[in-house]
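Colleague: The numbering used here puts the sequence shown at residues 4 to 168.
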Amino acid sequence: METASIGRARELARKLLKDSGCKGTPVMLKDIISYLKNESGLECAPLELSDATSGFLVEDEDVSGIAYNSGHHVHRQRFSVAHEIGHFMLSHNNQRKNDIDRDETNSAHEKEANAFATELLMPLEFLKKDLKMPIDIDELAKKYWVSKDAMSWRIQDPTVLKYVK
């Protein structure tokens, strides 16, 4: 059984934020995607997908690309794109064949991609400054352009919770 490397995923997200010049919230994914396109040719595009599919990463010798569901809410689109960037940065497609039909929601790769996406969209470095009591989940979610659920989960993380003032 493979163990998730959450710390490595978070570190890669922080490195990408730094390398792409991100300095504040909300994290502008278009700037990160532009940076990745210049650095490694990564493309990103919306597609009409079934509601069950949020997005996916395709890689081969000639092209790397992310497709995300154009019918989903913008917050879900942002998380899906960040999640797929995580798979790309963590070289997950180089380690396994893409199998869309298999339920991998609890796999080490999925956990790592989720941790990457969470750190990319709601960086701990930025969140530390915003964690004042009483915490207003709605306001934080708006500031970071994420769903209230995503922000709630992020704040419940013990690595974040310890910074609440």
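Just so it is clear, CB atoms sit at the ideal spot from N, CA and C, and this is done for glycine as well. Because the structure is a prediction, the values reported are computed rather than measured.
#1: Using beta-carbon positions only, say whether residue 158 and residue 123 come within less than 9 Å of one another.
#2: Who does residue 50 pair with in a DSSP beta bridge?
#3: Identify whether residue 30 lies in helix, strand or coil by the three-state DSSP scheme.
#4: Could you give the residue range of the alpha helix (DSSP H) that holds residue 123?
#5: Flag this pair as yes or no: are the beta carbons of residue 42 and residue 73 separated by less than 9 Å?
#6: Cα-Cα, which of 7, 59, 71 and 13 is closest to residue 127?
#7: Would you call residue 142 buried or exposed, if buried means 16 or more other Cβ atoms sit within 10 Å of its Cβ?
#8: Using C-beta distances below 6 Å, list every residue in its chain close to residue 68, excluding the 5 sequence neighbours before and after it, in chain order.
#9: Taking the C-alpha atoms as reference points, what is the distance between residue 20 and residue 26?
#10: Using the Cα positions of residue 154 and residue 17, report the straight-line distance between them to the nearest angstrom.
#11: In the DSSP assignment, what residue or residues form a beta bridge with residue 59?
#12: By the 10 Å Cβ neighbour count, where 16 or more other Cβ atoms means buried, how is residue 83 classified, buried or exposed?
#13: Using a 10 Å radius around the Cβ and a threshold of 16 neighbouring Cβ atoms, would you call residue 55 buried or exposed?
#14: Select from 44, 80, 53 and 79 the residue whose C-alpha is nearest the C-alpha of residue 66.
#15: Which residue wins for smallest C-alpha separation from residue 156, given the options 64, 139, 131 and 121?
#16: Can you check whether the CB of residue 57 is closer than 9 Å to the CB of residue 71?
#17: Applying the 10 Å Cβ sphere with the 16-neighbour rule, what's the burial state of residue 39?
Modeller: In this structure, then:
#1: Taking the sequence shown and counting its residues from 1, the one referred to as residue 158 is at position 155. Taking the sequence shown and counting its residues from 1, the one referred to as residue 123 is at position 120. Result no, Cβ atoms of residue 158 and residue 123 do not sit closer than 9 Å.
#2: In the sequence shown, counting from the first residue as 1, residue 50 sits at position 47. The partner list for residue 50 (beta bridge, DSSP) reads 72.
#3: Position 27 of the sequence shown, counted from the first residue, corresponds to residue 30. Looking at residue 30 - three-state DSSP - the assignment turns out to be coil, as it is neither helix nor strand.
#4: Residue 123 sits at position 120 when you count from the first residue of the sequence shown. Residue 123 -> alpha helix (DSSP H) spans 111-124.
#5: Residue 42 sits at position 39 when you count from the first residue of the sequence shown. Residue 73 sits at position 70 when you count from the first residue of the sequence shown. Not closer than 9 Å, so no.
#6: In the sequence shown, residue 127 corresponds to position 124, counting from 1. The option with the nearest alpha carbon to residue 127 is 13.
#7: Here residue 142 refers to the residue found at position 139 of the sequence shown. The residue in question, residue 142, is exposed, as its Cβ has fewer than 16 Cβ neighbours within 10 Å.
#8: In the sequence shown, residue 68 corresponds to position 65, counting from 1. Hits under 6 Å: 46 and 61.
#9: Here the question's residue 20 lines up with position 17 in the sequence shown. Here the question's residue 26 lines up with position 23 in the sequence shown. If you take the alpha carbons of residue 20 and residue 26, they lie about 8 Å apart.
#10: In the sequence shown, residue 154 corresponds to position 151, counting from 1. In the sequence shown, residue 17 corresponds to position 14, counting from 1. Their backbone Cα atoms lie some 18 Å apart in a straight line.
#11: Looking up residue 59 in the sequence shown gives position 56. Answer is 70, bridged to residue 59.
#12: The count along the sequence shown starts at 1 and reaches residue 83 at position 80. Looking at its Cβ environment, which holds 16 or more other Cβ atoms inside 10 Å, residue 83 is buried.
#13: Taking the first residue of the sequence shown as 1, we reach residue 55 at position 52. Looking at its Cβ environment, which holds fewer than 16 other Cβ atoms inside 10 Å, residue 55 is exposed.
#14: Within the sequence shown, residue 66 is the residue found at index 63, counting from 1. Residue 66 has its Cα closest to that of 44, out of 44, 80, 53 and 79.
#15: In the sequence shown, the residue the question calls residue 156 occupies position 153. When only C-alpha atoms are compared, the closest one is 121.
#16: Mapped onto the sequence shown, residue 71 falls at position 68. Mapped onto the sequence shown, residue 57 falls at position 54. Against a cut-off of 9 Å, the Cβ pair of residue 57 and residue 71 comes out as a contact.
#17: For this step, residue 39 is matched to residue 36 along the sequence shown. It counts as buried.
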